[in-house]
Structures are given as structure tokens and as C-alpha cells.
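All remarks here apply to the structure that follows.
Protein chains: 2
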Amino acid sequence: MTEKLLCGVDLGGTKLSVGLFHPDGKSVAELKVTDHSHLENDELVSKVAILVHELLESQKIHQESLTGIGVGMAGHINFDKGLIITSSNFPKPFDNYPFRDRLQDKLKAPVTLDNDTNAQAFGEFLFGAGMGKKDMAFITVSTGVGAGIISDGRILRGYTGFAGEIGHTIVDPVSEIRCTCGNYGCLMALSGGLGLPLRYRQCLKQGMVSSIGISADNANKVDGIVLEQGVEAGDEICVRLFEESAVFIGIGIYNLYQSINPQTVILGGGLMNMGFGFMDRIRNKFDSFLQNMVQDKMEIIHAGLGNRSGLLGAAALPLDERNH
Amino acid sequence: MTEKLLCGVDLGGTKLSVGLFHPDGKSVAELKVTDHSHLENDELVSKVAILVHELLESQKIHQESLTGIGVGMAGHINFDKGLIITSSNFPKPFDNYPFRDRLQDKLKAPVTLDNDTNAQAFGEFLFGAGMGKKDMAFITVSTGVGAGIISDGRILRGYTGFAGEIGHTIVDPVSEIRCTCGNYGCLMALSGGLGLPLRYRQCLKQGMVSSIGISADNANKVDGIVLEQGVEAGDEICVRLFEESAVFIGIGIYNLYQSINPQTVILGGGLMNMGFGFMDRIRNKFDSFLQNMVQDKMEIIHAGLGNRSGLLGAAALPLDERNH
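Top to bottom, those sequences are chains A and B. 629 is the number of the first residue of the first sequence in this note's numbering; add one for each residue after it. 629 is the number of the first residue of the second sequence in this note's numbering; add one for each residue after it.
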């Protein structure tokens with residue numbers, strides 16, 4: 629009997645990747661396109677199906693030789709029903725679109741649809757920095773902040789599939805920074821890329837002076853790259869935002885630690901590429917809360933798969949026990 | 629074949645209860661003692677074993693007729709190893725005492741040991757307000773605040789068994805209220821009975837006037853009962869503490885909702901017996917964060933088993949899938 633291969637689809641707003649993998653995560657073949665984001669919902673399904681067919685044919689592989697086809701999608705997913713509820717990464721609205729079943733109609737191997745953060749978490753768990761860690765969380769620190777949680781070796785999805793939305797936990801109830809969700813003091817707004825312009829503007833309003841030459845009107849230009857440059861230049865506002873982000877990520881990790889007690893927390897996402905001791909600051913904040921409270925120390929580490937966790941994790945989705 | 633009965637032990641500092649139940653939770657017989665808390669560790673094990681034997685003999689039941697014996701304990705438990713790490717409810721220290729294995733040596737049916745909040749959560753899940761809710765949390769709002777989490781029908785324990793310690797999540801990083809754990813702004817300190825004296829004292833310091841005649845030196849007398857009386861009397865400090873507690877419990881529930889997405893959150897514990905709309909205030913705070921964010925609304929409800937959830941839940945522990 630030959631080994632069953634894994635097929636994954638990483639469906640983002642910028643790029644759409646399809647990959648074929650051995651069960652140990654080793655790549656067989658991959659395809660990538662960037663001309664998909666403006667397609668209508670049904671056309672997008674067709675595009676994905678065509679790419680899967682192309683990839684399999686190029687390797688002379690039958691769908692029957694696959695464990696399944698996993699799709700990781702940057703959006704709000706109803707896992708049980710296989711719907712894309714919304715996605716802010718695509719110009720066409722989805723509005724509870726039954727993506728999984730429509731794609732299933734065009735393919736023979738069983739299709740699994742989940743959000744990209746869960747896929748990334750599962751990829752890190754099976755093939756990356758979380759290998760063998762049955763209780764772990766992957767946190768993406770990017771424009772937004774969110775987690776994929778692995779509990780006892782399975783993806784923790786919760787009742788409707790929204791588990792892991794730690795970016796919307798309230799970590800500073802008296803904050804004046806308002807998240808896109810409408811609430812004040814969300815972890816995401818106080819630590820992610822999304823909140824940087826708001827927080828930059830607030831600093832200016834409080835009388836702080838910036839040396840990076842970005843006015844309040846242009847604050848939307850403040851992203852992770854500008855922030856890192858500002859820190860390098862010693863700009864007081866950038867240094868403050870940088871330090872505060874690390875503090876709140878540390879709080880978010882500590883709160884997740886107390887809530888679900890993972891062995892390992894893996895950090896990925898664009899902001900984690902910042903230097904200047906960003907990771908160390910996060911760890912220090914976490915440790916300051918932890919004190920000597922526990923016997924078994926939790927580790928906070930960088931992601932192991934980089935930007936490949938999404939595709940590998942998507943491919944691995946059909947292996948999640950909770951599907952069965 | 630006759631049905632297998634459940635046997636539970638609720639091991640608290642004040643009382644020690646042992647109960648025998650049908651698989652549907654219906655009581656067969658129960659015993660309760662209150663003379664156990666000063667016993668040495670080994671004597672306590674013997675006491676529990678004797679009570680179990682007495683109860684079974686009184687009903688002419690053999691241990692072979694039990695699914696198992698579950699022990700719910702008010703303390704820090706290492707579930708995998710069956711240790712009591714510490715417990716603040718007993719005068720004798722435990723210090724990683726292997727309670728489960730010592731008890732197992734004296735009994736034939738398999739023994740399971742877990743903390744009381746997990747037992748209560750599992751009791752509410754199988755027999756109480758959470759029946760049929762595969763993703764739920766039970767939160768005890770008492771001297772401390774903690775949660776037992778049921779994920780996909782199983783107790784979520786995490787890596788070392790500490791999952792659910794939401795009382796130590798940081799919900800107000802600039803708070804001046806220090807929890808017994810040493811950190812500032814823990815949910816427990818800002819909403820549980822433990823923090824009431826500290827918060828009362830802080831109000832006096834800020835110049836607020838109390839009409840209930842308790843000075844800063846006697847603030848330790850401020851508990852849930854005093855608080856409720858103060859609210860009834862319209863005392864401005866008590867009203868503020870009451871309202872703040874509801875706000876922070878609401879934040880804690882919302883943060884847990886975003887993290888693990890339960891269908892239902894069940895509230896129990898002494899402070900939940902307070903009237904004057906305490907529950908409604910908690911729900912309103914939660915709803916104010918939720919806005920129209922989701923399709924499926926999470927319910928927040930009172931516990932269904934009252935103070936019986938500990939014993940029933942302990943008895944049910946051997947049924948938890950994750951044990952097998």
C-alpha cells in the first residue's frame with residue numbers, strides 16, 4: 629500500500645497556493661497564483677478546483693491517493709457548515725457562502741475548510757516548532773492578532789468555530805484606543821499593526837514629538853516596518869509603541885496561559901520579524917506575571933515554518949482527529 | 629447486565645462528602661463528615677477509603693459494580709500524576725502528595741483525581757444546566773474566581789492540568805489592586821470575594837464614605853453577604869464594588885468567549901447568590917462587548933445543581949473521555 633498524500637490550499641487575499649505533500653510534510657509539488665482575488669465566489673471555487681486538478685495531473689496523482697484536501701482561508705469560517713461568513717481580505721463579499729460544499733462538488737477527495745490561523749497552528753503542531761506538543765497555541769502577531777489552539781492534539785474550535793479570537797479579548801478596559809470591532813482596549817488594537825496608526829496619533833495628541841516625520845493626518849503609514857525603523861532611529865513615539873506592543877502581547881499570552889495552560893506558545897506573523905529584542909520583551913513581560921507560580925514553565929518560541937505554515941497546515945487539516 | 633454505578637468524593641476544607649449515583653445522576657446514597665480537615669495526608673486518604681467502603685456496604689454494593697471513583701478536591705492538582713500540589717483549604721500542607729495513588733492502594737475501582745472546579749463543570753455538563761452543551765464553561769464566582777472548561781464534550785485540562793485559571797488573567801493592567809498571586813489587576817482580585825476588602829479599603833482611601841460602619845482596619849469583614857446588605861442599604865462604596873464586580877466578571881466571560889467560543893457559560897459560587905440584578909449586570913456587560921458581532925449568541929446562565937455539582941461532578945469524572 630502506498631502512502632496517502634496531503635493536499636492543501638492556502639487561500640489568501642494576495643496569493644492562492646496549492647501544495648501536495650508527503651505525510652511527513654515534505655513537499656511534492658506546489659502551485660501559486662495571484663490573479664484570483666477579484667473573482668466572484670463561484671469562480672473562485674472553480675479556480676481552486678482547476679489548480680488542484682492541474683497540480684495532481686502534473687504529478688500523475690489520482691484524488692483517490694489523497695487523505696483529503698484542506699483549505700485554509702483568511703476569514704471568518706463556520707467550520708461545521710463549511711461556510712465563509714466574511715473575509716476582509718477579498719473585495720467580493722462572501723456572506724455565508726458554502727465554499728466547502730461547492731468545492732466538494734468539483735472534487736472527489738473529502739474537503740475540509742478552516743480559517744488560516746487554525747491551519748497555521750496545526751501546521752506548526754505537526755511539522756513545525758510545535759511538533760509533539762499536544763497542548764499549544766500559535767499566535768499570529770500581524771495586522772490583527774489571533775490564535776489557533778491545539779488542545780490534547782486537536783484543533784480547539786469551540787461551538788461555532790470562533791475559538792482563538794484572542795485579539796478581541798479586553799486587556800485594558802480604560803483604554804481610549806478603539807478596535808475595528810467597536811470595543812475599546814482589545815488586545816489586537818493595543819498590540820497589532822491595525823492599532824499602530826491610532827496609537828501613533830494618540831501619542832502626538834498627548835504632546836509627544838516624533839522624529840520620523842509622519843504627521844497625524846498620515847498616521848496610517850505607520851506599520852511594522854516604519855515602527856522598526858523608528859525604533860532604530862530612537863524615535864520616542866516608536867519606542868513607546870514598540871514597548872507597549874510587547875507588553876500587551878505578553879499580557880495576552882499570560883491570559884491564554886492561565887485559561888488553557890498550553891505547553892508552548894508559538895509566535896508568528898509580520899510583527900514578529902521586528903528585531904531590537906521584541907521577542908525578549910514579550911517573554912520578559914510574561915515571566916514577570918508568572919513569577920514562581922508554576923512548576924512547569926511554558927515556552928514562548930518563534931514559528932518554525934515561517935510563511936509556509938499556512939499551506940502545510942491546510943494540507944494537514946484532514947488529519948485533525950476532531951474531523952472524524 | 630446491571631448498570632454500573634458512579635461513586636464521587638467531594639473533598640473540601642469544610643466538608644467531605646461521598647455519594648453513590650446511578651449513571652443518570654440520580655442519588656443512591658450519600659455520606660458527609662466535617663471532622664476531616666485536620667488529618668495528616670495519609671490519615672485523610674484512609675478516612676476517604678473508609679467512607680467509600682461504608683457507603684458501599686450500606687447499599688450492599690461491590691466495588692466491581694462501579695465505573696470508578698472520582699475525587700474532586702479544592703486545590704491545585706496535577707491531574708496526570710494524581711498529585712495534590714497545594715491546597716489553601718486545609719491546615720496540613722500537601723506539597724505534591726500522591727493522593728490518587730495512595731487512595732487507589734486502598735480501593736479496587738479505578739480512582740480519578742481532579743480539582744473541584746473541573747468536577748463541578750463536568751457535573752453541570754452531564755447532569756445540570758449544561759446538559760448536551762459540548763462546548764461550555766462553568767465559572768465559580770466565590771472567594772476566588774475560576775473556570776472548568778468543557779471542550780468538545782471533554783474536560784480541557786491543558787499541559788499540566790491548570791487550564792481554567794481565569795481568575796489570574798490580567799484584565800486591568802493599571803489597577804492598584806494586588807491579587808494574592810502577587811500580580812495587579814487579576815480578574816479574581818477585581819471581582820471575587822478575596823478582593824472585596826482591598827477594594828473597600830481603596831474606596832475609603834479615595835475619600836468615599838461608607839454608611840455600613842466598617843473601618844479600613846476591619847475591611848476584612850467585607851464579604852458577599854456584607855456587600856449585598858450594603859447594596860440594599862444604598863451604601864455608595866458597596867454599590868460601586870457590586871457594580872465593578874459585575875463589570876469585571878462580564879469582561880472575564882467575554883475574554884473566555886473570544887478565546888474558546890463556548891455555547892454556554894454557567895455561573896455558580898457564593899457571590900452568584902447576590903440579588904439586585906447581579907446576573908443581569910454581568911449579562912449586560914457581556915452583551916455590550918458582543919454588539920452584533922456573531923450569529924450564534926452565547927448564553928450565560930445560573931448553575932443547575934447548586935452545591936451538589938461538586939459531588940455529582942466528582943462521581944462523573946471517570947466518565948470523561950479524556951481519561952481513556
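We treat Cβ as the ideally placed atom computed from N, Cα and C, and that holds for glycine. Keep in mind that this is a model prediction, so the values were computed, not measured.
Just grab the DSSP bridge partners of A:ARG806 for me. Within the first sequence, the letter at position 178 stands for residue 806 of chain A. For A:ARG806, which the question treats as bridged, DSSP gives the partners A:TYR812.
Three-state class that DSSP yields for A:GLU864 in the structure shown: Locating residue 864 of chain A in the first sequence gives position 236, where the first residue counts as 1. Three-state result, A:GLU864: helix.
Check whether the region 784 to 803 of chain B touches the region 797 to 805 of chain A, counting contact only when three or more Cβ pairs, one atom from each stretch, lie closer than 8 angstroms. Using a C-beta cut-off of 8 angstroms, the region 784 to 803 of chain B makes contact with the region 797 to 805 of chain A, since at least three inter-stretch Cβ pairs fall below that distance.
Compare the C-beta of B:LEU832 against all C-beta atoms of chain A and say whether one is closer than 8 angstroms. Start at 1 with the first residue of the second sequence, and residue 832 of chain B comes out as number 204. It does not: the Cβ of B:LEU832 has no partner Cβ on chain A nearer than 8 angstroms.
Please list, in chain order, all residues of the same chain as B:PHE755 whose beta carbon is under 6 angstroms from its beta carbon, the five residues on each side excluded. Within the second sequence, numbered from 1, the residue matching residue 755 of chain B stands at position 127. Here the set comprises GLY653, LEU940.
Closest Cα partner of B:SER839 within the set B:ASN848, B:VAL854, B:LEU826: Numbered from its first residue, the second sequence carries residue 839 of chain B at position 211. Minimum Cα-Cα distance from B:SER839 among the listed residues B:ASN848, B:VAL854, B:LEU826 corresponds to B:VAL854.
Look at the Cβ atom of B:MET784, then the Cβ atom of A:ILE888, and state whether they are nearer than 8 angstroms. Taking the first residue of the second sequence as 1, we reach residue 784 of chain B at position 156. Taking the first residue of the first sequence as 1, we reach residue 888 of chain A at position 260. Reading off the sequence, residue 784 of chain B comes out as Leu, not Met. The Cβ-Cβ distance between B:LEU784 and A:ILE888 falls below 8 angstroms.
Distance, Cα to Cα, B:ALA943 vs B:ASN746? Reading the second sequence from its first residue, position 315 is the one you call residue 943 of chain B. Reading the second sequence from its first residue, position 118 is the one you call residue 746 of chain B. Distance between the alpha carbons of B:ALA943 and B:ASN746: 12 angstroms.
Could you spell out where the beta strand (DSSP E) holding A:GLU658 opens and where it closes? Taking the first sequence and counting its residues from 1, the one referred to as residue 658 of chain A is at position 30. Segment 655 to 661, the beta strand (DSSP E) holding A:GLU658.
First through last residue of the alpha helix (DSSP H) which encompasses A:ALA944: Taking the first residue of the first sequence as position 1, residue 944 of chain A is located at position 316. Counting along the chain, the alpha helix (DSSP H) containing A:ALA944 begins and ends at 937 to 944.
Output yes if chain B places a C-beta closer than 8 angstroms to the C-beta of A:SER887; else output no. As a first step, residue 887 of chain A is located in the first sequence; it is residue number 259 there, counting from the start. Look at A:SER887: its C-beta is under 8 angstroms from a C-beta on chain B.
Answer yes or no: does any C-beta atom of chain B fall closer than 8 angstroms to that of A:GLN748? Against the first sequence, residue 748 of chain A aligns to sequence position 120. Closer than 8 angstroms to the CB of A:GLN748 there is not a single CB belonging to chain B.
What number of angstroms, rounded off, separates the C-alpha of A:GLU860 from the C-alpha of A:PHE904? Along the first sequence, read from residue 1 onward, the residue named residue 860 of chain A stands at position 232. Along the first sequence, read from residue 1 onward, the residue named residue 904 of chain A stands at position 276. Looking at the two C-alpha atoms, the distance is approximately 8 angstroms.
Three-state secondary structure (DSSP) of A:VAL676: Residue mapping note: residue 676 of chain A aligns to position 48 of the first sequence, counting from 1. In the structure shown, the three-state DSSP call for A:VAL676 is helix.
Quick one: Cα of A:HIS690 to Cα of A:PHE727, how far? Counting from one through the first sequence, the residue named residue 690 of chain A turns up at place 62. Counting from one through the first sequence, the residue named residue 727 of chain A turns up at place 99. In a straight line, the C-alpha of A:HIS690 is about 22 angstroms away from that of A:PHE727.
Enumerate in chain order the residues of its own chain whose CB-to-CB distance from A:LYS734 is below 6 angstroms, with the five nearest sequence positions on each side excluded. For the purposes of this step, residue 734 of chain A is taken as the residue at position 106 of the first sequence. If we look at A:LYS734 and ignore the five residues flanking it on each side, its Cβ neighbours are ALA677.
What is the DSSP secondary structure of A:ASP723, reduced to helix, strand or coil? Within the first sequence, numbered from 1, the residue matching residue 723 of chain A stands at position 95. When DSSP states are grouped into helix, strand and coil, A:ASP723 belongs to the coil group.
Assign A:PRO890 to buried or exposed, taking buried as 16 or more other Cβ atoms, counted over all protein chains shown, within 10 Å of its Cβ. Within the first sequence, the letter at position 262 stands for residue 890 of chain A. Counting every other CB atom within 10 Å of its CB across the protein chains shown gives A:PRO890 a total of 16 or more, marking it as buried.
Kindly give me the distance between the Cβ atoms of A:ASN729 and A:GLY710, rounded to whole angstroms, as I take these residues to be in contact under 8 angstroms. Residue mapping note: residue 729 of chain A aligns to position 101 of the first sequence, counting from 1. Residue mapping note: residue 710 of chain A aligns to position 82 of the first sequence, counting from 1. The sequence given here has Asp at residue 729 of chain A, not Asn. Contact holds; Cβ gap of about 6 angstroms.
Using the three-state DSSP reduction, which class does B:ASP733 fall into: helix, strand or coil? Walking along the second sequence from the start, residue 733 of chain B turns up at place 105. For B:ASP733, the secondary structure class from DSSP, reduced to helix, strand or coil, is helix.
Taking 7 angstroms as the cut-off, is the C-beta of B:ASP708 nearer than that to any heavy atom in the ligand GDP? With respect to small molecules bound, the structure shown includes none, and the ligand GDP cannot be examined in it.
Measuring CB atoms only, is the region 663 to 675 of chain B touching the region 756 to 774 of chain B, in the sense that at least three cross pairs come out at less than 8 angstroms? Verdict: no, contact absent.
Between A:PRO801 and chain B, is any beta-carbon pair separated by less than 8 angstroms? On the first sequence, residue 801 of chain A is found 173 positions in, with the first residue counted as 1. Yes, contact with chain B.
Would you verify that the beta carbon of B:ILE879 is, or is not, closer than 8 angstroms to some beta carbon of chain A? The residue you call residue 879 of chain B lines up with position 251 of the second sequence. A Cβ of chain A is located within less than 8 angstroms of the beta carbon of B:ILE879.
Apart from the five residues just before and just after B:HIS704, which ones in its own chain have a Cβ nearer than 6 angstroms to its Cβ? For the purposes of this step, residue 704 of chain B is taken as residue 76 along the second sequence, with counting starting at 1. These residues qualify, in order along the chain: ILE713, THR714.
Could you tell me whether any Cβ in chain C is nearer than 8 angstroms to the Cβ of B:GLN691? Note that chain C does not occur in the displayed structure, where the protein chains are A and B.
In this structure, how does DSSP classify A:ALA702 when only helix, strand and coil are distinguished? In the first sequence, counting from the first residue as 1, residue 702 of chain A sits at position 74. Coil, per DSSP.
A:LEU639 in three-state terms, based on DSSP: In the first sequence, the residue the question calls residue 639 of chain A occupies position 11. Reduced to three states, the DSSP call for A:LEU639 is strand.
Here's a check: name, in chain order, each residue in its chain whose Cβ is nearer than 6 angstroms to the Cβ of A:ASN848, leaving out the five neighbours to either side. Here residue 848 of chain A is taken as the residue at index 220 of the first sequence, counted from 1. When the five nearest sequence neighbours on each side are left out, the beta carbons in the same chain lying within less than 6 angstroms of the beta carbon of A:ASN848 are those of PRO825, in order along the chain.
For B:GLY781 and B:LYS762, believed in contact at Cβ under 8 angstroms, the rounded distance: Position 134 of the second sequence, counted from the first residue, corresponds to residue 762 of chain B. Position 153 of the second sequence, counted from the first residue, corresponds to residue 781 of chain B. Approximately 4 angstroms separates the beta-carbon atoms of B:LYS762 and B:GLY781; this is inside 8 angstroms, confirming the contact.
Using a Cβ-Cβ cutoff of 9 angstroms, what residues of the region 766 to 787 of chain B are near chain A? List them in chain order. Within the region 766 to 787 of chain B, the qualifying residues are ALA775, ILE777, SER779, ASP780, ARG782, LEU784, ARG785, GLY786, TYR787.
CB contact below 8 angstroms: A:TYR725 versus chain B: Within the first sequence, residue 725 of chain A is the residue found at index 97, counting from 1. Taking Cβ atoms only, chain B never reaches closer than 8 angstroms to A:TYR725, which makes this a no.
Cβ of A:LEU884 less than 8 angstroms from any chain B Cβ? The sequence position of residue 884 of chain A within the first sequence is 256, counting from 1. Answer yes: the Cβ-Cβ gap between A:LEU884 and chain B drops below 8 angstroms somewhere.
Given A:HIS796 as reference, the closest of A:TYR725, A:ILE767, A:PHE750 once Cα atoms are compared: For the purposes of this step, residue 796 of chain A is taken as residue 168 along the first sequence, with counting starting at 1. The residue among A:TYR725, A:ILE767, A:PHE750 with its C-alpha nearest the C-alpha of A:HIS796 is A:ILE767.
Please classify B:PRO719: is it buried, with 16 or more other beta-carbons within 10 angstroms of its beta-carbon, or exposed? Walking along the second sequence from the start, residue 719 of chain B turns up at place 91. Burial call: exposed.
Cβ closer than 7 angstroms: which chain B residues qualify as neighbours of A:HIS796? The residue labelled residue 796 of chain A in the question sits at position 168 within the first sequence. Within chain B, the residues near A:HIS796 are GLN886.
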